[in-house]
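Trainee: Protein chains in written order, with this note's numbering: chain A, 7 to 364; chain B, 9 to 540.
All residues carry an ideal CB built from backbone N, CA and C; glycine is no exception.
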Amino acid sequence: MKALIRKASFLPLGLFALSVVWTFLGYELPAVLLGAFIFTTLGYFSFYVIENHLSTYVFRRVLEAAFTIFVIASLTFLLLRLVPGGPFDEEKALPPEIKANIEAKYGLNDPLWKQYVNYMGGLVQGDLGESYKYVGRPITEIIASALPTSIQLGVYALLVAYLLGLPLGVIAASKHGEWLDSALMIVAISGVSLPSFLVAPLFVMLFSFTLGWFEPALWMGPSYYVLPMVVLGIRPAAGIARLTRASVLEVIRSDFIRTAKSKGLSWRKVLFKHVFRNSLVPVLSLAGPMVAGILTGSFIIELIFAIPGLAKHMVQSVTNRDYPLVLGATLLFSILLVVANLLMDLVIAMIDPRVKFT
Amino acid sequence: MRFNIAGTILLSSVFLVLSSLGCTKKATLDYGLKVEETLRINLSQEPPSLDWHKSTDTTSALIEYNMMDGLTEFDLKDPELSVIPALAESWSPSNNSKKWTFTLRKDVKWTDGKAFEAQQIIDAWERLLNPETASQYAYFLFSVKNAEEYNTGKIKDFSKVGVSKNEQGQLVVELKAPMSYFPSLLTHHATYPIRLDVIKEHGDRWTDPENIQTLGAFKLKIWDHDKALVLERNDGYYGAKARVKNVYGYMINEYSTALGLFESGRLDYQNTIPGNELATLRTQPTFRESPILGMYYYGFNTRKKPFNDVRVRKAFLYAIDRRQITDLLGGDMSPLSGWVPKGMFGYQENVGIQYDPEKAKKLLKEAGYEDPSKFPRIVLGFNSNENHQRIAENYQAQIKKNLGVQIELQSEEWKVYLNRVRTDTPDIYRMGWLADYPDPDNFLNLMTKVSENNHTGWSNPKFDQLIDQGSSITDKEERRGIYLKAQKILTEEDVPVHPIYSMVSHSLVSERVKDFPINSMDKVVLKGVSLK
Numbered sequence: 007m008k009a010l011i012r013k014a015s016f017l018p019l020g021l022f023a024l025s026v027v028w029t030f031l032g033y034e035l036p037a038v039l040l041g042a043f044i045f046t047t048l049g050y051f052s053f054y055v056i057e058n059h060l061s062t063y064v065f066r067r068v069l070e071a072a073f074t075i076f077v078i079a080s081l082t083f084l085l086l087r088l089v090p091g092g093p094f095d096e097e098k099a100l101p102p103e104i105k106a107n108i109e110a111k112y113g114l115n116d117p118l119w120k121q122y123v124n125y126m127g128g129l130v131q132g133d134l135g136e137s138y139k140y141v142g143r144p145i146t147e148i149i150a151s152a153l154p155t156s157i158q159l160g161v162y163a164l165l166v167a168y169l170l171g172l173p174l175g176v177i178a179a180s181k182h183g184e185w186l187d188s189a190l191m192i193v194a195i196s197g198v199s200l201p202s203f204l205v206a207p208l209f210v211m212l213f214s215f216t217l218g219w220f221e222p223a224l225w226m227g228p229s230y231y232v233l234p235m236v237v238l239g240i241r242p243a244a245g246i247a248r249l250t251r252a253s254v255l256e257v258i259r260s261d262f263i264r265t266a267k268s269k270g271l272s273w274r275k276v277l278f279k280h281v282f283r284n285s286l287v288p289v290l291s292l293a294g295p296m297v298a299g300i301l302t303g304s305f306i307i308e309l310i311f312a313i314p315g316l317a318k319h320m321v322q323s324v325t326n327r328d329y330p331l332v333l334g335a336t337l338l339f340s341i342l343l344v345v346a347n348l349l350m351d352l353v354i355a356m357i358d359p360r361v362k363f364t
Numbered sequence: 009m010r011f012n013i014a015g016t017i018l019l020s021s022v023f024l025v026l027s028s029l030g031c032t033k034k035a036t037l038d039y040g041l042k043v044e045e046t047l048r049i050n051l052s053q054e055p056p057s058l059d060w061h062k063s064t065d066t067t068s069a070l071i072e073y074n075m076m077d078g079l080t081e082f083d084l085k086d087p088e089l090s091v092i093p094a095l096a097e098s099w100s101p102s103n104n105s106k107k108w109t110f111t112l113r114k115d116v117k118w119t120d121g122k123a124f125e126a127q128q129i130i131d132a133w134e135r136l137l138n139p140e141t142a143s144q145y146a147y148f149l150f151s152v153k154n155a156e157e158y159n160t161g162k163i164k165d166f167s168k169v170g171v172s173k174n175e176q177g178q179l180v181v182e183l184k185a186p187m188s189y190f191p192s193l194l195t196h197h198a199t200y201p202i203r204l205d206v207i208k209e210h211g212d213r214w215t216d217p218e219n220i221q222t223l224g225a226f227k228l229k230i231w232d233h234d235k236a237l238v239l240e241r242n243d244g245y246y247g248a249k250a251r252v253k254n255v256y257g258y259m260i261n262e263y264s265t266a267l268g269l270f271e272s273g274r275l276d277y278q279n280t281i282p283g284n285e286l287a288t289l290r291t292q293p294t295f296r297e298s299p300i301l302g303m304y305y306y307g308f309n310t311r312k313k314p315f316n317d318v319r320v321r322k323a324f325l326y327a328i329d330r331r332q333i334t335d336l337l338g339g340d341m342s343p344l345s346g347w348v349p350k351g352m353f354g355y356q357e358n359v360g361i362q363y364d365p366e367k368a369k370k371l372l373k374e375a376g377y378e379d380p381s382k383f384p385r386i387v388l389g390f391n392s393n394e395n396h397q398r399i400a401e402n403y404q405a406q407i408k409k410n411l412g413v414q415i416e417l418q419s420e421e422w423k424v425y426l427n428r429v430r431t432d433t434p435d436i437y438r439m440g441w442l443a444d445y446p447d448p449d450n451f452l453n454l455m456t457k458v459s460e461n462n463h464t465g466w467s468n469p470k471f472d473q474l475i476d477q478g479s480s481i482t483d484k485e486e487r488r489g490i491y492l493k494a495q496k497i498l499t500e501e502d503v504p505v506h507p508i509y510s511m512v513s514h515s516l517v518s519e520r521v522k523d524f525p526i527n528s529m530d531k532v533v534l535k536g537v538s539l540k
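#1: From T464 of chain B to K350 of chain B, what distance separates their C-alpha atoms?
#2: Looking at P448 of chain B and Y509 of chain B, is the spacing between their C-beta atoms short of 8 Å?
#3: Which residues does DSSP pair with G339 of chain B in a beta bridge?
#4: What is the rounded straight-line gap between the Cα of E485 of chain B and the Cα of G478 of chain B?
#5: Are S419 of chain B and F390 of chain B touching if we call contact CB-CB under 8 Å?
#6: What's the call for E519 of chain B, buried or exposed, on a 16-neighbour Cβ count within 10 Å?
#7: Quick check: the Cα distance between I230 of chain B and R48 of chain B, rounded to an integer number of angstroms?
#8: Which of the three DSSP states, helix, strand or coil, is assigned to G245 of chain A?
#9: Taking the straight line between their C-alpha atoms, what separation do you get for Q158 of chain A and N254 of chain B?
#10: Tell me whether the beta-carbon of S304 of chain A lies closer than 8 Å to the beta-carbon of L233 of chain A.
#11: Exposed or buried, K34 of chain B, counting other C-beta atoms within 10 Å across all chains shown (16 or more means buried)?
#12: Quick check: the Cα distance between R360 of chain A and I354 of chain A, rounded to an integer number of angstroms?
#13: CB-CB under 8 Å to I92 of chain B, same chain, minus the five flanking residues each way: which ones, in chain order?
#14: In whole angstroms, give me the CA-to-CA distance for N138 of chain B and K111 of chain A.
#15: Apart from the five residues on each side of it in sequence, which residues of its chain come closer than 6 Å, Cβ to Cβ, to L337 of chain B?
#16: Report the neighbours of D375 of chain A on chain B: residues whose CB is nearer than 7 Å to its CB, in chain order.
#17: H210 of chain B by DSSP, collapsed to three states: which one?
#18: Leaving out five residues before and five after S137 of chain A in sequence, what residues of the same chain have Cβ atoms less than 7 Å from its Cβ?
#19: Taking DSSP as the reference, what is the three-state secondary structure of W60 of chain B?
#20: Pick helix, strand or coil for M211 of chain A, following the three-state DSSP scheme.
#21: Over what stretch of residues does the alpha helix (DSSP H) that includes K367 of chain B continue unbroken?
#22: Which residue spans inside the stretch 240-287 of chain B form an unbroken beta strand (DSSP E) run of at least 3?
#23: Taking the alpha-carbon of A236 of chain B as reference, which of B:D77, B:V116, B:I163, B:P55 has the nearest alpha-carbon?
#24: On the CB-based measure, 16 or more other CB atoms within 10 Å of its CB, does G30 of chain B come out buried or exposed?
#25: Are the stretch 315-323 of chain A and the stretch 245-254 of chain A touching by the rule of at least three beta carbon pairs closer than 8 Å?
#26: Between A:S285, A:L343, A:D358, A:K105, which has its C-alpha nearest A71 of chain A's C-alpha?
#27: Identify the continuous alpha helix (DSSP H) that holds Y50 of chain A and give its terminal residues.
#28: Just tell me which of B:F471, B:N527, B:V429, B:M529 has its CA closest to the CA of V503 of chain B.
#29: Short of 7 Å in beta carbon distance, which residues of its chain neighbour K105 of chain A, apart from the five on each side in sequence? Order them along the chain.
#30: Taking just the CA atoms, how far does V38 of chain A sit from L18 of chain B?
#31: What residues are listed by DSSP as bridge partners for H319 of chain A?
#32: Closer than 7 Å by C-beta to T36 of chain B: which residues in its own chain qualify, once you throw out the five before and the five after it? Chain order, please.
#33: Are the stretch 206-213 of chain A and the stretch 126-135 of chain A in contact at 8 Å, needing three or more beta carbon pairs?
#34: Report the rounded CA-to-CA distance for V176 of chain A versus Y125 of chain A, giving the unit in angstroms.
#35: For the beta strand (DSSP E) that contains M439 of chain B, what are its first and last residues?
#36: Below 8 Å between beta carbons: does that hold for A50 of chain B and I260 of chain B?
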């Protein structure tokens, strides 16, 4: 049974890889593929959860998450009202009667508790209200049009981070103490410390205007995706490289590696089958928080590369005091974060049999 | 064996996906437009709304002005921006410019072929004024009889509002009070006609490209939210047809990104340029500069010490050399001592208080501040922005040098600042104003007692009376005299405000673009533009 579970993971992983390649080539993701991916992933996780008697655990986590999100919604709602300046304060002040009409239209003249109840009531039904700034556009529609781009960018950046970070970390660890190790770690430290608003223009200058390899901005196809995803992924990549190196070094020294070596396995086999696998746990557990980092960090990237994503709304809606959009964006990010954390915990349990849920 | 099942499913789903290749479109943003017939401009942001009754920002207005026309329009070639016919062929005032009759063109068709008629103006004004529409620009028509009452709900019957059509199909407008410049209000998008049938059918979605009906030189082809907007030439346009086939609007917020695209030939027009870039860009052939009808000023809180004393206010005005500020900004702005910006009817170079540090010191002494260190603590408020910061620092330094008075600077986030100015006005506050319509009334009106934009706490019945009088007179020279008097009260006698400079707009226009409109209202009307 365990073996089957392991083998079946090829399905969602394969579909995931296919989706990434598909969108990267500049095609819109067909609903069939997206549906198949979501279906197999959920199916796979549910199967794993049931098989390992984790339903109560997952159920509890989901309840906790729902509560967390409720608290976040309430706090955001209240904090927004505490910030001075309202959505309809403009440089050209409005006559009071006109302001009254606008406030009546959006229910802003109701007592605060009533506005809160109305908002929460809508939220439960999946209605996030209408934007104040983008007149007449429902928040759900704004999110639905911006989210795919943000996720696309986030996933690419995450892949860049892991595909760069993991091998570099392993190489550095296997050459521990040699010049290559030091060189890689110096690069990694610079990667962590250089802010993306500096790296982005440098990359644009070099790879776009000087070399002409990639497009400098916008989000229209593969040659447009490369620079933003690399700039966004490079910081987490550096972090992953450092963590992988530390983790690999720790695992190499453990008893079971010595056993594996003394069994006569080749060093390469030991490194990739035993060491690498076991060093993955701390690196993967980083993924949850990293998703948050990448999502919030993408604001600057979206701005610099003029990418039509959600991070922009997240910041600009606050400046505009567009209450429904601020709430919508905040809730969405919270949900993404909570889900990412839960899934990562499950993935870690799958990889590392020592992990036990209570 | 089991794994083979998984493999089969995987393979078949891959096949399924690949077979649907034909029905997925490539997510590009060029929409198959040809560069040689497309003008590519940067809108800087997503237009918040293309509903011309509800939008209040310049991005939306730019699109609206290119896909719609009003009863009148500005002659953009005339430096004084005279009002010329558009949807209205002609108009005539009667009853001492209290009543206006507009004769409408009969050859105008909407994009779906329906004819334009007076009723569509009446529908539009009803919608604009209807409290349920909650339009911010409803006050644009408050000069129309009973319009304000309808907007506040005091009158429910729209037929009592002073707009109607007569038997000849003319539009008849009755005003509350005589108003000589009324036709110039009708250049504004808030007053444009609308198709109520379209709005009824599609609700809030009526501005989507597949639903919207317009009658201007361009029509909305694509509106890909947050990505791009495309206008296409309207071949059924009643006037001279647009010379360029498509206008592609990018939504690039970050200036350096836009500049990169501009310099690499991917963008034809960029209109916001940060102050510190002006010196480098000025030398390039693509750089454009034009005075616009806007001004930058400081206001004094005259409700409390020390600025409740007119001598202190005057001392501050005499102590500032505006030229230093405009030089610092490097944008070729004109120092402004009066209250009407350069380029507008009523502008007077010599009105207002000019730099004179000796007089400044004398006035401060007279006000009882022999020892400047005894001067109360004062705060200069502005919203966080590099230019505002530089101006405030220069003001602070000049006041320190010429009066010995220390000013504290306080910068706040935009909306926090707006709230502060209204509820807890700083001793000195920063504001600006851009003309809604090119008439001095639009500027002088700001400082009347009833104005929502007068945060100084100052008012003067004589000034208010002059403003009322000025708007009702048709004789140009007589008006000029009245506005001169009003400006003297505001900037020489009572000085609740400190005008600083008259604004200038800067833009980059690619060399392949011909006849790009540059005018003092900063209106980007693209129908006359062509590409080399």
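Mentor: This is what the structure holds:
#1: 24 Å
#2: no
#3: G339 of chain B pairs with nothing; no bridge assigned.
#4: Distance between the alpha carbons of E485 of chain B and G478 of chain B is about 11 Å.
#5: yes
#6: exposed
#7: 14 Å
#8: Taken through DSSP and simplified to helix, strand or coil, G245 of chain A comes out as helix.
#9: 30 Å
#10: no
#11: Per-residue confidence for K34 of chain B stands at a pLDDT of 45, beneath the threshold of 50, marking its modelled position as unreliable; the derived number appears in the next sentence. With fewer than 16 Cβ atoms within 10 Å of its Cβ, K34 of chain B is classed as exposed.
#12: Taking the straight line from one Cα to the other gives about 10 Å.
#13: T80, E81, F82, D83
#14: 12 Å
#15: G283
#16: Outside the shown range of chain A (7 to 364) lies residue 375 of chain A, about which nothing can therefore be said.
#17: helix
#18: R143, I145, I148, D328, P330, L331
#19: coil
#20: helix
#21: 365-374
#22: 254-258
#23: B:P55
#24: Here G30 of chain B scores only 41 on pLDDT, less than 50, and its place in the model is too uncertain to base an answer on.
#25: no
#26: A:L343
#27: 37-57
#28: B:F471
#29: F94, listed in sequence order.
#30: For L18 of chain B, the predicted structure reports a pLDDT of 49, less than 50, and the residue's modelled location is therefore unreliable. The matter cannot be settled from this model.
#31: According to DSSP, H319 of chain A shares a beta bridge with no other residue.
#32: Because the pLDDT at T36 of chain B is just 49, under 50, the model does not fix this residue reliably, and the value given afterwards should be weighed accordingly. Within the same chain, T36 of chain B has no close Cβ partners at all.
#33: no
#34: 50 Å
#35: According to the DSSP assignment, M439 of chain B belongs to the beta strand (DSSP E) that extends over 436-442.
#36: According to the sequence shown, residue 50 of chain B is Asn rather than Ala. The answer is yes: Cβ separation under 8 Å.
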